[in-house]
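Novice:
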Amino acid sequence: MSFLSVKKQMELVRRGTEEIIPENELLKKLETSKKNNKPLIVKLGCDPSRPDLHIGHGVVLRKLRHFQDLGHQAVLIIGDFTAMIGDPSGRNKTRPSLTLDEAKRNAESYIKQSKVILDIDSLKIVYNSEWLNAMNFSDVIGLTSKYTVARMLERDDFTKRYQSETPISLHEFLYPLAQGMDSVELKADIELGGTDQKFNLLVGRDLQKEYGQNPQCIITLPLLEGTDGVEKMSKTYGNEISLLDSPEEKYGKTMSISDDMIVKYFRLAADADDDKVEAVENILADGKTNPRDVKKDLGKAIVELYHGSDAAQTAELHFEKVIVQKDIPDEMDEVKLKSDQLLVEVIANAGLTKSKGEARRLIKQNAVKLDGEICADINHKLSVGEEFVIKVGKRRFIKVK
RNA sequence: GGGGAGAUGGCCGAGCGGUCAAUGGCAGCAGACUGUAAAUCUGCCGGCGUAUGCCUACGGAGGUUCGAAUCCUUCUCUCCCCA
């Protein structure tokens, strides 16, 4: 295959990135690659400490996909070994570490989910336990001798934790080194990561130099804030739009982001090109259009990206009906009553609330409706044979038969 | 090795013998308002019970006491200072 011109390639590569370090080296690599018709090795490490991916992960996976589209060799490194360390990047706490087995299981789910973004056929998948697990203690000592404590402490989260007197375990220093070894092992040309990965990526560069390799360029991508618009998207904060979310959920969650996140979401979550982003900026700036309508566009674009345009259409209709017109959805889970039961019990048993106490509270707060009628009686009983749609809060529904 | 401080609900952080299911703040949930949101206001915010109430919970284990998150012993963990 022949590569696009370096200029063209750079257009796509630059899209949505935060930093390219150093850019001139990347240009050189692209030129050489084109001249020799040899794809660059583009590395992305994934942390299989959690099985679920969200559209925040999608940002960097999408960038890897861009490189695939340009004809380069994408390599997904499953950090099964490093998961045993638990990367503390961007956190103020030590992360729980996983066993190799747990990591492997999560990784499988991870790969399955990445398929919606990556071209799985041309993707090279490797597990870093393969080489890291093979290192012995003297290898590790040799590796650690290449970095100093002062440099390690430069890393933002280490600095913070050190200053705020929260514990830092020694083994956490090994994480960046281990990740760097991955680059050495792969002879990576480029490594991708979120901005919180910058330090680790740079360590990879340094280590490659130590091992006499041509050091990788690093490309960082902005971290996508979650639906709250403040915290980085993460399951921990409960602000994520998961890849496994249904089209309806993805659409609905997108609609709930704050207005000032719209442009960023277009760029990072909907993979919009510069023209589209500019168009959106203009529309928002002129003040004539209701931002809600722009957000509807966004919601559809995101759902379309992951589920196709039919699903996007359906998701929008569903939203209009359920949320805007406060109607009930066409489809919902059903439960069958075996005997007369308290409403409270039915709600809690169906999992609409965590406990009966919560169900009671919601009823008292006028948040529960039976067939559209507010039910404020916590002693309300449902009889067998009656058919009801129970609505709890704004978006929890169940049909009782 | 020596000395000091500390461990409280999802998080931060008060409490320092009874009135503590534990002040505040954040997060979350619901209602009102909206553009679906954000902001704002109001309510809720361990479990079970309609409820007086009961159970579980202030790092772990013992103990003192009529009564302990609060006192004592011990264990585990963390931080700081000195060497």
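Counted from 1, the first sequence has number 857 at position 132 by our numbering; the numbering is strictly sequential. Built from N, CA and C at the ideal position, the CB exists for glycine as well. Note that the coordinates shown come from a computational prediction; the quantities given were computed from them, not determined experimentally.
1) For residue 772, is the classification buried or exposed, using 16 other Cβ atoms within 10 angstroms of its Cβ as the cut-off for buried?
2) When we look at the beta-carbon of residue 1007 and count the other beta-carbons within 10 Å, is it buried (16 or more) or exposed?
3) Give me the Cα-Cα distance between residue 829 and residue 1070, rounded to the nearest whole angstrom.
4) What separation, rounded to the nearest whole angstrom, lies between the Cα atoms of residue 963 and residue 758?
5) Please list the terminal residues of the continuous beta strand (DSSP E) segment that includes residue 798.
6) What are the boundary residues of the beta strand (DSSP E) that includes residue 849?
7) Is the beta carbon of residue 749 less than 9 angstroms from the beta carbon of residue 728?
8) Note down the Cα distance separating residue 895 from residue 1068, rounded to an integer number of angstroms.
9) How many Å lie between residue 1104 and residue 1086 at the Cα?
10) What are the partner residues of residue 1121, as DSSP defines its beta bridges?
11) Helix, strand or coil, according to DSSP, for residue 769 in the structure here?
12) From what residue to what residue does the beta strand (DSSP E) around residue 1093 run?
13) Runs of 3 residues minimum, wholly inside the segment 1062 to 1115: which ones carry the beta strand (DSSP E) assignment?
14) Can you tell me which of the three DSSP states residue 916 falls into?
15) Expressed to the nearest angstrom, what Euclidean distance is found between the alpha-carbon atoms of residue 868 and residue 799?
16) Where are the beta strand (DSSP E) runs, 3 residues long or more, that stay fully inside the segment 848 to 918, in chain order?
17) Suppose you measure from the CA of residue 977 to the CA of residue 913; what does that come to, to the nearest Å?
18) Tell me the DSSP secondary structure of residue 1060 in three-state form.
19) Just how far apart, CA to CA, sit residue 786 and residue 898?
Specialist: Taking the coordinates as given:
1) By the neighbour-count rule (16 or more Cβ atoms within 10 Å), residue 772 is buried.
2) With a 10 Å radius around the Cβ and a threshold of 16 neighbouring Cβ atoms, residue 1007 comes out exposed.
3) If you take the alpha carbons of residue 829 and residue 1070, they lie about 39 angstroms apart.
4) Each residue's alpha carbon lies about 42 angstroms from the other.
5) Unbroken beta strand (DSSP E) run through residue 798: 798 to 803.
6) Note, residue 849: beta strand (DSSP E), 849 to 852.
7) No; because the gap between Cβ atoms is not below 9 angstroms, this pair is not in contact.
8) Each residue's alpha carbon lies about 54 angstroms from the other.
9) Note on geometry: alpha-carbon atoms of residue 1104 and residue 1086 lie some 12 angstroms from one another.
10) DSSP output for residue 1121 lists 1117 as bridge partner(s).
11) Residue 769 falls in the strand class under three-state DSSP.
12) Run containing residue 1093: 1093 to 1095, per the beta strand (DSSP E) assignment.
13) The DSSP assignment places 1093 to 1095 as complete runs of the beta strand (DSSP E) inside the segment 1062 to 1115, in order along the chain (cut-off: 3 residues).
14) Residue 916 falls in the strand class under three-state DSSP.
15) So the two alpha carbons sit approximately 26 angstroms from each other.
16) For the beta strand (DSSP E) assignment, the uninterrupted runs of no fewer than 3 residues enclosed by the segment 848 to 918 are, from N- to C-terminal side, 849 to 852.
17) In this structure, the alpha-carbon of residue 977 lies about 39 angstroms from that of residue 913.
18) DSSP places residue 1060 within a strand segment (E or B) once states are collapsed to three.
19) In this structure, the CA atom of residue 786 is about 26 angstroms from the CA atom of residue 898.
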